[in-house]
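What follows is a single structure, written as structure tokens, with notes after it.
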Ligand code: UDP
């Protein structure tokens, strides 16, 4: 009997990378759910070649019934311009989506992994961010639809676990980049690389001193796999998955300019509201619980791979 695996948000950036990893194991049967709000079927072209892969067009906000053994709930727009386009849609995708997936897990005794985010820490007063830090989130700002939606989702996971014994696992994903990112999704890595390749100005928001730590997607997928297959039943997380190397946005812009050899200039644009000032993943827990997991791909190497990927869109 094959392991029946449901991936929501499967045609998105992380979903597609995860599908591609899991479909290569012939003991898995992959059901890939997506409503294509931000996802793109082209990301699944490789997966569609496999017999053990099935795409289902559907929306996690609606009830869904399919016998499964594992659920990876990745569905939700994740880039700030994308999730702010319809904030109510974003919140409802997180909240109704997680309820529908937890109900499914409850019905079939499946494991449900929730894709949470470093945004649950908001604009953090604790640095680097450890899982025990409860965060500093504006409950009514322009990022709240994403941040609070994801926080409610974590809370629902733990309530389904405590109230109904549903098997849950929660990962908090820090800034991630790489293959299958939408070149127009508005995030910083895709923006800077496509701007540099097109000879356009690189748009640094604010003074560019805010920091992020960037993880190449392959490292994330390895962490996700280890978390799902972690044998300790009582380890639900949440666990941070991110690269602890921290950079300012100006450093990132300069790296991209150097690597692409672009003659583009840096221009300064207004800083969007509630933009976190600094962010760096503390990954001590992941290292301890996930068999020594840590990112292997440095920013320089990951940027080279990403520049090669984004060239096809120019
Ligand atoms: N950013 C920037 N220029 C851009 C896009 C983003 O300077 O063209 C900044 C943004 O203000 C933030 C950081 O880069 O401080 C990361 O932004 P992104 O949207 O990639 O992710 P998030 O803010 O959700 O971490």
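Numbering (my numbering), first residue to last: 3 to 316. Glycine included, every Cβ here is placed at the ideal spot set by N, Cα and C.
Quiz item: Got a sec? Which residues, its chain only, sit under 6 Å from residue 31 by beta carbon, not counting five neighbours each side?
Solution: 4, 6, 54
Quiz prompt | C-alpha gap between residue 148 and residue 305, whole angstroms | solution = C-alpha separation (whole angstroms): 26 Å.
Quiz item: residue 66 by DSSP, collapsed to three states: which one?
Solution: coil
Quiz item: Would residue 222 pass as a contact of residue 258 if the rule is Cβ separation under 8 Å?
Solution: no
Quiz item: By Cβ distance below 7 Å, which residues in the same chain neighbour residue 104 in space, the five residues on each side in sequence not counted?
Solution: 114, 158, 159, 162, 168
Quiz item: Going by Cα to Cα distance, which pick from 284, 12, 106, 267 is closest to residue 44?
Solution: 12
Exercise. With a threshold of 16 other CB atoms inside 10 Å of the CB of residue 130, please say whether the residue is buried or exposed.
Key: Taking every protein chain shown into account, the CB of residue 130 has 16 or more other CB atoms within 10 angstroms, so this residue is buried.
Exercise. Tell me whether residue 182 counts as near the ligand UDP, meaning its Cβ is closer than 7 Å to at least one heavy atom of that ligand.
Key: no
Quiz prompt | the segment 206 to 222 touching the segment 244 to 253, judged by at least three CB pairs closer than 8 Å | solution = yes
Quiz item: In the segment 163 to 209, which residue ranges form an unbroken beta strand (DSSP E) of at least 3 residues, counting only runs that do not cross its ends?
Solution: 169 to 175, 204 to 207
Self-check item: Start-to-end residues for the beta strand (DSSP E) that takes in residue 72
Solution: 72 to 75
Practice problem: Find the nearest neighbour of residue 279 within the set 19, 59, 210, 76, judged by alpha-carbon distance. | Solution: 210
Exercise. For the alpha helix (DSSP H) containing residue 1, list its first residue and its last residue.
Key: The structure shown does not extend to residue 1, since the chain is modelled only from 3 through 316, so no value can be given for it.
Exercise. Would you be able to state if there are at least three C-beta pairs under 8 Å between the segment 222 to 240 and the segment 259 to 275?
Key: no
Quiz item: Nearest chain D C-beta to residue 275 closer than 8 Å, yes or no?
Solution: Structure shown: chain D not included; a single protein chain is present.
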